[in-house]
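If you read the sequence shown in our numbering, its first letter stands for residue 121, the second for the next number, and so on. Glycine residues also receive a C-beta, built at the ideal position from the N, C-alpha and C atoms. Comments concern the structure below.
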Amino acid sequence: MASSSGVQIPGRLPLLLTHDGVLLPGSTVRVSVDTGRNMQLVKSRLLKGTSLKSTIIGVIPNTRDPEQEADELPTLHRWVWQRSSHNQGELGELSQRFYQAAVQLVGMLDMSVPVVAKLRKLLDSLPRDTLPDILASMIRTTNKEKLQVLDAVDLEERFKKTLPLITRQIEGLKLLQNTRKLRPDDNKKVGTPFKTHFSLEEEGDEEDVDDTSLLERKVKGANMPEPALRVCLKELKRLKKMPQSMPEYALTRNYLELMAELPWSKSTSDCLDIRAARVLLDNDHYAMEKLKRRVLEYLAVRQLKSTLKGPILCFVGPPGVGKTSVGRSIARTLGREFHRIALGGVCDQSDIRGHRRTYVGSMPGRIINGLKTVGVNNPVFLLDEVDKLGKSLQGDPAAALLEVLDPEQNHSFTDHYLNVSFDLSQVLFIATANTTATIPPALLDRMEVLQVPGYTQEEKVEIAHRHLIPHQLEQHGLTPQQLQIPQHTTQEIISRYTREAGVRSLERKIGAVCRAVAVKVAEGHKISKPDPSGPQHGPEEAGDRERTGEEAYRDTDMTAPPEMPIVIDSVALKDILGPPVFEMEVSERLTLPGVAIGLAWTPLGGEIMFVEASRMEGEGQLTLTGQLGDVMKESAHLAISWLRSNAKLYQLTNIAGSQDPLEGTDVHLHFPAGAVTKDGPSAGVTIVTCLASLFSGRLVRSDVAMTGEITLRGLVLPVGGIKDKVLAAHRAGLKRIIIPKRNEKDLEEIPIHVRADLDFVAASSLDEVLNAAFDGGFAATTAPVTHPQVSSKL
Ligand code: ADP
Numbered sequence: 121m122a123s124s125s126g127v128q129i130p131g132r133l134p135l136l137l138t139h140d141g142v143l144l145p146g147s148t149v150r151v152s153v154d155t156g157r158n159m160q161l162v163k164s165r166l167l168k169g170t171s172l173k174s175t176i177i178g179v180i181p182n183t184r185d186p187e188q189e190a191d192e193l194p195t196l197h198r199w200v201w202q203r204s205s206h207n208q209g210e211l212g213e214l215s216q217r218f219y220q221a222a223v224q225l226v227g228m229l230d231m232s233v234p235v236v237a238k239l240r241k242l243l244d245s246l247p248r249d250t251l252p253d254i255l256a257s258m259i260r261t262t263n264k265e266k267l268q269v270l271d272a273v274d275l276e277e278r279f280k281k282t283l284p285l286i287t288r289q290i291e292g293l294k295l296l297q298n299t300r301k302l303r304p305d306d307n308k309k310v311g312t313p314f315k316t317h318f319s320l321e322e323e324g325d326e327e328d329v330d331d332t333s334l335l336e337r338k339v340k341g342a343n344m345p346e347p348a349l350r351v352c353l354k355e356l357k358r359l360k361k362m363p364q365s366m367p368e369y370a371l372t373r374n375y376l377e378l379m380a381e382l383p384w385s386k387s388t389s390d391c392l393d394i395r396a397a398r399v400l401l402d403n404d405h406y407a408m409e410k411l412k413r414r415v416l417e418y419l420a421v422r423q424l425k426s427t428l429k430g431p432i433l434c435f436v437g438p439p440g441v442g443k444t445s446v447g448r449s450i451a452r453t454l455g456r457e458f459h460r461i462a463l464g465g466v467c468d469q470s471d472i473r474g475h476r477r478t479y480v481g482s483m484p485g486r487i488i489n490g491l492k493t494v495g496v497n498n499p500v501f502l503l504d505e506v507d508k509l510g511k512s513l514q515g516d517p518a519a520a521l522l523e524v525l526d527p528e529q530n531h532s533f534t535d536h537y538l539n540v541s542f543d544l545s546q547v548l549f550i551a552t553a554n555t556t557a558t559i560p561p562a563l564l565d566r567m568e569v570l571q572v573p574g575y576t577q578e579e580k581v582e583i584a585h586r587h588l589i590p591h592q593l594e595q596h597g598l599t600p601q602q603l604q605i606p607q608h609t610t611q612e613i614i615s616r617y618t619r620e621a622g623v624r625s626l627e628r629k630i631g632a633v634c635r636a637v638a639v640k641v642a643e644g645h646k647i648s649k650p651d652p653s654g655p656q657h658g659p660e661e662a663g664d665r666e667r668t669g670e671e672a673y674r675d676t677d678m679t680a681p682p683e684m685p686i687v688i689d690s691v692a693l694k695d696i697l698g699p700p701v702f703e704m705e706v707s708e709r710l711t712l713p714g715v716a717i718g719l720a721w722t723p724l725g726g727e728i729m730f731v732e733a734s735r736m737e738g739e740g741q742l743t744l745t746g747q748l749g750d751v752m753k754e755s756a757h758l759a760i761s762w763l764r765s766n767a768k769l770y771q772l773t774n775i776a777g778s779q780d781p782l783e784g785t786d787v788h789l790h791f792p793a794g795a796v797t798k799d800g801p802s803a804g805v806t807i808v809t810c811l812a813s814l815f816s817g818r819l820v821r822s823d824v825a826m827t828g829e830i831t832l833r834g835l836v837l838p839v840g841g842i843k844d845k846v847l848a849a850h851r852a853g854l855k856r857i858i859i860p861k862r863n864e865k866d867l868e869e870i871p872i873h874v875r876a877d878l879d880f881v882a883a884s885s886l887d888e889v890l891n892a893a894f895d896g897g898f899a900a901t902t903a904p905v906t907h908p909q910v911s912s913k914l
């Protein structure tokens, strides 16, 4: 207890328990008030009082475990309040020795530091009997030693107890000076853990010591496994000895702070109810039945066996089909934290596994960072876009991910920055990708791929009305009473303003409509007198076609408040979104022989693809344009060879009517869009059809699209991505789809109403393909005969 004589100690004294050190008479101490009881005391006594000076409290060093706030107090040290002060004569020699030691100690410090110079002066001016307490509070001592000084009621004993401590400090300083040349900064570190009331400046050091002990407490309270704790304590020890100005100081501190913050043993408890999960998934997502079923199975197994190891689910599908949002729903059904780790473009393994601490600017990898962010060790981690991981000289991030995802290894995942293992086995990993083609095989092997195909037009309309429109209305502060988007408008947005497998740009377009309407509604609020004279989309507004986009919509008719609800019809849609971006171009482009529609699969979903061919006089050259890959080029050569070998049979001729279509003729094949790289064997049947049309001069049916790989013998082999391709053809308004016979089983995945709209032809040979692609068939004149092998001129 600190007191100066003359202060009246009250009979009942509120006590502050501190773990931070011992408050010796004449010194001040910074106490971190972090227990409930101490907070209570500060609130009720110190903060309420009118002046701090008038409030007297007792400060008691707590020698117990700082983590527990025990009810009873630690044993109090009793002493006679007025510490005895002998007369100077008796203790003359002892006090003189003490004084000299103190002078020697202070003399070893850097006198250019103002606080040291001040201290030196104080040594002369202060009464000698106060010196033991003050010096003991300044030098490096344990709390136990300080308590012994505090307990020493007798002055002689106090001198005797403190003198060895000072001598020890002097020896320590001498050693330090011998081992390395002290820099001025280092001298400061020898200084005081506690501020005496004589030294009024230099708070930095003491704050630092406080911070270090706080950090130590945090580290100890982080509940980390033994090996990690050992490393931390070692680092703490190093930190304490390190001068603050050393660059390594900050690094070590950051490291320790991260270690203390990591959720070593903090987790949320799963609250899994399969029925509720089913309802939640259904409420959040329309359609995606197959995916939802598999997710529920997965969750059910987790419920029955909580220690389930793997498999890691990987949702593969085009953008905007709800992969991320299903991941988020899974976290919600489990009651877990959700964290998304974007892996697109990551090409350095340190991104996953962190940098070693030896590097400047080193930091932990994204996994450890994610754990720090969520603050629990069992979150749902969504590894977004695993197919877009890159490779570089800095190592292969996919290989680092292997360790993260492998249930056999990830209980001891070692981040380079931490350098101790962290148990990731409680983390639920879900990956997403646009295609499996670019996922490294070893990584793919550890995941269970769930395909999330694109949506049909009808599904998109439903998703828009159930989820996207309500969500966008809410985002824009609108209500259904203010804005209505009828089904046919949604259909128009889908077919004429978007061309995508998912619903992301649909959502954006709906957002644009909401923004435009929000302007109207806000304007309507400002104009007070209501004018019920007609809807906002008058004929004069519809005439304003040149100025497209939101501007035109905003500029028009602003003076009249709109009639609620504002219903978006096609005129309003055109005003807001501009002229349609996509037109139904199919029938228009099949007016010449030598054009056919193929179906392509891209990571963004299915697409229809026009194949164009033309011929001119030449030397039998084949020119291919449209950024084709090798496989596609080979398909073109195959197609030409097959057609030449069957030219007689199908009465195919060159320009001059000769039986060899390439005789004196050059052929050019083009695949728009020219800027997009294309590859794969599935365009084979389309190239054959397109060339057959060119060589026969007949038009291909304009409502037919096709896909399939070909062989030199004229067989049609199966291809992938049938569902996406069929949906793309359906979107484009095509009616007949030619697919390889062996792909017939894939049609089951296609929604019934789409199937009902389409006429599927399953072909096993090119003959069947040609028959289905041309009106009235493409009949061969006679039974096929074996031809001598035609040597290609290409
Ligand atoms: P992805 O991760 O596949 O690229 P997102 O999960 O980000 O796509 O989805 C984009 C948006 O589309 C989100 O707002 C999501 O809620 C919505 N969405 C996608 N599919 C559905 C669905 N079946 N039902 C409801 N909303 C959906």
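Residues bridged to residue i [DSSP beta-bridge criterion]
i	result
Met826	Gly718, Ile858
Glu568	Leu433
Ile686	Leu603
Phe702	None; Phe702 has no bridge partner.
Leu835	Ser885
Gly726	Trp721
Val731	Ala716
Val179	Leu136
Phe84	This structure leaves residue 84 out entirely; the chain is present only between 121 and 914.
Lys798	Leu748
Distance, residue j Cα to residue i Cα
i	j	result
His531	Leu544	5 Å
Ala767	Ser690	50 Å
Ile177	Leu270	17 Å
Gln571	Ile613	26 Å
Gln592	Glu869	31 Å
Thr175	Val233	34 Å
Arg150	Gly341	21 Å
Leu772	Val846	30 Å
Ala636	Val687	12 Å
Pro256	Lys266	Before going further, note that residue 256 is Ala rather than Pro in the sequence given. If I take the Cα positions, the gap works out to 7 Å.
Leu371	Leu285	32 Å
Gly447	Thr831	42 Å
His585	Gln607	8 Å
Ser648	Ala642	With a pLDDT of 41 at Ser648, under the threshold of 50, the modelled position of that residue is not reliable, and no figure is offered here.
Leu293	Asp230	12 Å
N-terminal and C-terminal residue of the beta strand (DSSP E) that residue i is part of
i	result
Phe549	548-553
Ile461	458-462
Leu137	135-138
Segment limits, alpha helix (DSSP H) that includes residue i
i	result
Met228	212-228
Phe815	804-816
Met379	367-381
His873	872-877
Leu255	251-258
Leu454	443-454
Leu847	842-851
Ala397	394-404
Pro234	234-245
His591	589-595
Ser470	469-473
Whole-angstrom C-beta distance between residue j and residue i, which should lie under 8 Å
i	j	result
Leu782	Gly834	Their Cβ separation, rounded to whole angstroms, is 18 Å, which puts Leu782 and Gly834 out of contact at 8 Å.
Ala221	Thr287	6 Å
Trp721	Gly644	That pair is no contact at about 47 Å.
Asp471	Arg486	6 Å
Leu878	Pro860	That pair is no contact at about 16 Å.
Val839	Pro801	7 Å
Ala849	Ile857	5 Å
Contiguous alpha helix (DSSP H) assignments of at least 4 residues, all confined to the region 483-548:
486-494, 517-525
What are the start and end residues of each continuous alpha helix (DSSP H) run of 4 or more residues lying completely inside the region 736-792, in chain order?
750-765, 767-770
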